[in-house]
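Here's the structure we're looking at; comments come further down.
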Amino acid sequence: MHTIISELDPGTSKIVRDLWQQLHDKCGLRGIYMTPTPHFTWLVADEFNSDQVKSILEDLVAQVQSFKLHAFGLGVFSGEEPVLYLPMVKSLDMITLHCQIWEHVAPVSKELELYYSPKIWVPHITLARKDLTKENLSCAVNAIAFKQIELYLQVDNLAIAELENNGAGEILHRFRFSG
Numbered sequence: 000m001h002t003i004i005s006e007l008d009p010g011t012s013k014i015v016r017d018l019w020q021q022l023h024d025k026c027g028l029r030g031i032y033m034t035p036t037p038h039f040t041w042l043v044a045d046e047f048n049s050d051q052v053k054s055i056l057e058d059l060v061a062q063v064q065s066f067k068l069h070a071f072g073l074g075v076f077s078g079e080e081p082v083l084y085l086p087m088v089k090s091l092d093m094i095t096l097h098c099q100i101w102e103h104v105a106p107v108s109k110e111l112e113l114y115y116s117p118k119i120w121v122p123h124i125t126l127a128r129k130d131l132t133k134e135n136l137s138c139a140v141n142a143i144a145f146k147q148i149e150l151y152l153q154v155d156n157l158a159i160a161e162l163e164n165n166g167a168g169e170i171l172h173r174f175r176f177s178g
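Sequential numbering from 0 applies to the sequence shown in numbering that gives the first Met the number 0.
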């Protein structure tokens, strides 16, 4: 699976890693560690031409200036494999970039994950995935739900990551905004 992500700035990344550690220490959750880095995701595809996408993203980041985003609260995507996350507030800069990514990358991608499409996307920072169960979900929520979690993050990059279903992911290419 290929993804386009933005890695979190160092301060926000540390806060998220601390939350991951608390969920591990209090509830035994380790699934998030298959994620290569604290981030949020713009697009997920079963596969895409990495060279074409690299060229597209190089062109996009040359036109984009860094921007700030706000994340607060706690959310759960329900289903067979629930996900615990920090919801992010959409901004005009975020929406514009997201639409540009989809407009240019979707035509060179196969089997796009439509939950990340502009019409229904819920931007978020994942805190726990892959190992949440009926038995430990309440532990995870109780471990952090009563903490004041409010993040202001600076977005200044895009990255191409490759994720394996049962293994750790890796960052293939990084791009800094320079517009």
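Ideal Cβ placement from N, Cα and C applies to all residues, glycine included.
Selection from the options that minimises the alpha carbon distance to residue i
i	options	result
valine 43	Lys129, His97, Lys13 and Gln153	His97
isoleucine 94	Pro9, Arg16, Thr34 and Trp41	Trp41
threonine 11	Leu28, Pro37 and Gln21	Pro37
phenylalanine 71	Leu91, Asn156 and Ile143	Ile143
Check whether residue i and residue j have beta carbons under 8 Å apart
i	j	result
lysine 67	leucine 152	yes
lysine 109	aspartate 50	no
leucine 136	proline 81	yes
proline 35	glutamate 163	no
serine 5	asparagine 156	yes
lysine 129	glycine 30	yes
Buried versus exposed call for residue i [16 or more other C-beta atoms within 10 Å across all chains shown]
i	result
proline 9	exposed
leucine 113	exposed
Where residue i falls: helix, strand or coil (DSSP)
i	result
valine 154	strand
valine 63	coil
Element boundaries [alpha helix (DSSP H), containing residue i]
i	result
leucine 18	9–26
lysine 53	49–60
glycine 94	As written in the sequence, residue 94 is isoleucine, which differs from the glycine given in the question. Start and end: 91–104.
alanine 139	136–143
Continuous beta strand (DSSP E) stretch holding residue i: start and end
i	result
serine 5	1–6
alanine 127	123–127
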